[in-house]
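Asker: Protein sequence lines, in the order shown, are assigned to chains A and D. When we follow this note's numbering, the leftmost residue of the first sequence carries the number 31, and every step to the right adds one. When we follow this note's numbering, the leftmost residue of the second sequence carries the number 2, and every step to the right adds one.
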Amino acid sequence: MDFAPARPHRPSSPSAPARIIPLKVLVAGGFGVGKTTFVHSVSEITPVTTEQAMTSLSIGVDDTTAVEGKATTTVAMDFGRITVDEQLILYLFGTPGQSRFWFMWDDLSSGAVGAVVLVDLRRVGDCFAAIDYFEDREIPFVVAVNCFPGADAFDERAVRAALALPPECPLIDVDARDLRSSMDALIGLVEHALARSTAG
Amino acid sequence: MGQELPLEAVVTTTELGIRHGGTLSLEGRTIIELCRRPMSIAELGAALEVPVGVARVLVSDLAATGHLELHLPQAPAREGGTDQAILGRLLDGLRSR
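1) Going by alpha carbons, who is nearest to residue 76/A out of 214/A, 109/A, 65/A, 63/A?
2) Only counting the same chain, and skipping five residues up and downstream in sequence, which positions put a Cβ closer than 7 Å to that of residue 206/A?
3) Can you tell which of 53/A, 185/A, 151/A has its C-alpha closest to the C-alpha of residue 138/A?
4) Using a beta-carbon distance below 9 Å, is residue 140/A in contact with chain D?
5) Between the C-alpha atoms of residue 24/D and residue 31/D, what's the straight-line distance to the nearest angstrom?
6) Using a Cβ cut-off of 9 Å (strictly closer), state whether residue 53/A contacts chain D.
7) Starting from residue 30/D, find everything on chain A with Cβ-Cβ shorter than 8 Å and list it in chain order.
8) First and last residue of the beta strand (DSSP E) that includes residue 149/A?
9) What are the boundary residues of the alpha helix (DSSP H) that includes residue 210/A?
10) Just to confirm the assignment: which complete alpha helix (DSSP H) runs, minimum length 4, are found wholly within the stretch 22-62 of chain D?
11) What first and last residue would you give for the beta strand (DSSP E) that runs through residue 58/A?
12) Please compile the residues from chain A whose C-beta is within a distance smaller than 9 Å of the C-beta of residue 33/D.
13) Verify whether the separation of the beta carbon atoms of residue 142/A and residue 55/A is less than 9 Å.
14) So, using beta-carbon positions, are residue 203/A and residue 60/A closer together than 9 Å?
If you want it as structure tokens, here you go:
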């Protein structure tokens, strides 16, 4: 038997047999709320973060009074990666926390599966802007209360009221330091996005 | 040039890239080597320690010459929603971790 004829040239790689479908989820919320920690917890790569020391200019933009021991703010972006199967790769992007950097959000949010909005109950107002942003653009999101001191056993109705959350928006608690807990928040988001798409 | 490559666009090295990558510039060879495993534009920028905008240009050039293949995100099935079948697979994949 003859050798099989050489295959016509195709742009394919042995390491990437299938068409790859990239997906993304945004991790949003106020400054110091745990976005970087969350991305670190679930990512299979060492997430890349560019943090710069806060300048006097940014004092007043971000209120750090309730954020003990945090001297820097993330001015670039964190991202992480979860290889879901041989075709799907999920990227997580921490949205820049300062309102000065929100011009980056529109690029980021385009085509996103959805967003996890992290909340620190000591500073709920910090996440209003993120909630408004995703609501306005009809991007599925879940609100995840990060377990800072005082966050155990929060009153769901009070938090929903404080955030003016639509009833269909899931409100969950998360420990952003914990892989399992953070993964559960991601799963909650995808369930929500799927339920919304099914409801059509 | 059309729309900017999204940060999450994934890049893989083609057979052509593997066979003929040696003739490229150092940056090109590095990218060809890195993208033997699928990598996003964001990851490449970080790995090369260049701004994402630079990574976009380098990747676009290497894709135009056939050394790299681009895997773009799917256009949403309809306004504001990821395809249901994809969401289902994503959910299964995350739950099984």
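Glycine is no exception: its CB is placed at the ideal position from the N, C-alpha and C atoms.
Answerer: So, to answer that:
1) Along the first sequence, read from residue 1 onward, the residue named residue 76/A stands at position 46. Ranking 214/A, 109/A, 65/A, 63/A by Cα distance to residue 76/A puts 109/A first.
2) Translated into the one-based positions of the first sequence, residue 206/A becomes position 176. Leaving aside the five residues that flank residue 206/A on each side, the residues in its chain whose CB is nearer than 7 Å to its CB run, in chain order, 64, 67, 68, 71, 148, 176, 212.
3) If you number the first sequence from 1, residue 138/A lands on position 108. Among 53/A, 185/A, 151/A, the Cα nearest to that of residue 138/A belongs to 53/A.
4) Against the first sequence, residue 140/A aligns to sequence position 110. So, interface residue.
5) Numbered from its first residue, the second sequence carries residue 24/D at position 23. Numbered from its first residue, the second sequence carries residue 31/D at position 30. Taking the straight line from one Cα to the other gives about 12 Å.
6) As a position in the first sequence, residue 53/A is number 23, starting the count at 1. Interface residue, yes.
7) Taking the second sequence and counting its residues from 1, one reaches residue 30/D at position 29. The contacting residues do not exist; residue 30/D stays about 16 Å from chain A at best.
8) The residue given as residue 149/A occupies position 119 in the first sequence. Here the beta strand (DSSP E) through residue 149/A covers 144-149.
9) The sequence position of residue 210/A within the first sequence is 180, counting from 1. It spans 209-229 - the alpha helix (DSSP H) in which residue 210/A sits, taken as one unbroken run.
10) 27-35, 42-49
11) Taking the first sequence and counting its residues from 1, the one referred to as residue 58/A is at position 28. Where residue 58/A is concerned, the enclosing beta strand (DSSP E) stretches over 51-59.
12) Mapped onto the second sequence, residue 33/D falls at position 32. Near residue 33/D there are no residues of chain A at all, since even the closest Cβ is about 10 Å away, more than 9 Å.
13) For the purposes of this step, residue 142/A is identified with residue 112 of the first sequence, where counting begins at 1. For the purposes of this step, residue 55/A is identified with residue 25 of the first sequence, where counting begins at 1. A contact, by the Cβ cut-off of 9 Å.
14) As a working note, residue 203/A is residue 173 in the first sequence. As a working note, residue 60/A is residue 30 in the first sequence. No.
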